[in-house]
Amino acid sequence: MSRPDFDALILDMDGVLLDTSGSFSVAVLESARRNASPPGLGSGWTGRDQEVLRLAGGFNNDWDAAAALALLGPATGPGPGWEALCALLEGRGGGPAAVQERVGEGVWKERRARVKEAFQLLYAGPLAADLYGLDPKESRGLWENEVP
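Numbering (the numbering used here), first residue to last: 5 to 152.
#1: Leaving out five residues on either side along the sequence, give the residues of the same chain with a beta carbon under 6 Å from the beta carbon of V56.
#2: Closest to L92 by CA distance: which of R106, G81 and P82 is it?
#3: If the criterion is Cβ atoms closer than 9 Å, does the pair G81 and G48 meet it?
#4: Which of helix, strand or coil does DSSP assign to D23?
#5: Using the Cα positions of N64 and P84, report the straight-line distance between them to the nearest angstrom.
#6: Leaving out five residues on either side along the sequence, give the residues of the same chain with a beta carbon under 6 Å from the beta carbon of A102.
#7: How many angstroms separate the CA atom of Q104 from the CA atom of G145?
#8: Thinking C-alpha only, which one of E34, L135 and L22 is nearest F123?
#9: Considering only heavy atoms of the ligand NAP, does any lie closer than 8 Å to the CB of P152?
#10: Return yes when the Cβ of S41 is within less than 9 Å of the Cβ of P78, no when it is not.
#11: Output needed for L73: all residues of its chain with C-beta closer than 6 Å, excluding positions within five of it in sequence on either side, in chain order.
#12: Determine the burial state of D11: buried for a count of at least 16 other Cβ atoms within 10 Å of its Cβ, exposed for fewer.
#13: Report the CB separation of V32 from A69 in whole angstroms; it is logged as a contact under 8 Å.
#14: Alpha carbon to alpha carbon, what distance is there between P130 and V119?
#15: Assuming R38 contacts A71 (C-beta within less than 8 Å), just tell me the rounded distance between them.
#16: Roughly how many angstroms lie between the CA atoms of W67 and Y127, to the nearest whole one?
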């Protein structure tokens, strides 16, 4: 029996073996931008700001992360203010419950539903009808940016 030509096999824990930084991360930021309240989630936001939110706990779901950004981001902007707010969320247990505590359950549910639809439209592009039953609004889907 011959030895394989590699030293290790690396598996992604959630089963995704693609670089999704050009799809899911972009969809989180753009769907949050389109649904920010008050309007004003500017272009300075990056994947690093998303990671700060995810590290607060409970925001591994992209729709939850986008809704939290849409609701809380405009008040702080990216950077130190956002990091401080995420630390507060973490101290409250993180996740949607910590955001709901700040904005109310009804506001959270409404914004999350809007963000979810925007995210699906951005991700699927012209395939939105087939994948999600939504009227396509984008000529290209962000999924096309994924790299194996």
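Even for Gly, the Cβ is constructed at its ideal location relative to N, Cα and C.
Answer, in terms of the structure:
#1: By one-based count along the sequence shown, residue 56 stands at place 52. Excluding the 5 residues flanking it on each side, V56 has same chain C-beta neighbours closer than 6 Å at E87 and C90, in chain order.
#2: Position 88 of the sequence shown, counted from the first residue, corresponds to residue 92. Nearest of R106, G81 and P82 to L92, Cα basis: R106.
#3: Within the sequence shown, the letter at position 77 stands for residue 81. Within the sequence shown, the letter at position 44 stands for residue 48. Cβ atoms of G81 and G48: closer than 9 Å.
#4: Locating residue 23 in the sequence shown gives position 19, counting from the first residue. DSSP places D23 in strand when its eight states are reduced to three.
#5: For the purposes of this step, residue 64 is taken as residue 60 along the sequence shown, with counting starting at 1. For the purposes of this step, residue 84 is taken as residue 80 along the sequence shown, with counting starting at 1. Cα-Cα distance, rounded: 21 Å.
#6: As a working note, residue 102 is residue 98 in the sequence shown. L93 and R96.
#7: The sequence position of residue 104 within the sequence shown is 100, counting from 1. The sequence position of residue 145 within the sequence shown is 141, counting from 1. Those two C-alpha atoms are separated by around 30 Å.
#8: In the sequence shown, counting from the first residue as 1, residue 123 sits at position 119. Comparing Cα-Cα distances from F123 to each of E34, L135 and L22, the minimum goes to E34.
#9: Ligands are entirely absent from the displayed structure, and the ligand NAP is therefore not among its contents.
#10: In the sequence shown, the residue the question calls residue 78 occupies position 74. In the sequence shown, the residue the question calls residue 41 occupies position 37. Against a cut-off of 9 Å, the Cβ pair of S41 and P78 comes out as a contact.
#11: The residue you call residue 73 lines up with position 69 of the sequence shown. Around L73: A36.
#12: Along the sequence shown, one-based indexing puts residue 11 at 7. By the neighbour-count criterion, in which 16 or more other beta carbons inside 10 Å mark a residue as buried, D11 falls on the exposed side.
#13: In the sequence shown, counting from the first residue as 1, residue 32 sits at position 28. In the sequence shown, counting from the first residue as 1, residue 69 sits at position 65. V32 to A69, Cβ: 5 Å. Contact.
#14: Sequence index remark: in the sequence shown, residue 119 carries index 115 (1-based). Sequence index remark: in the sequence shown, residue 130 carries index 126 (1-based). Taking the CA atoms as reference points, V119 sits about 18 Å from P130.
#15: As a first step, residue 38 must be located in the sequence shown, where it is residue number 34. As a first step, residue 71 must be located in the sequence shown, where it is residue number 67. Not confirmed; about 12 Å, so no contact.
#16: In the sequence shown, residue 67 corresponds to position 63, counting from 1. In the sequence shown, residue 127 corresponds to position 123, counting from 1. It is roughly 12 Å from the alpha-carbon of W67 to the alpha-carbon of Y127.
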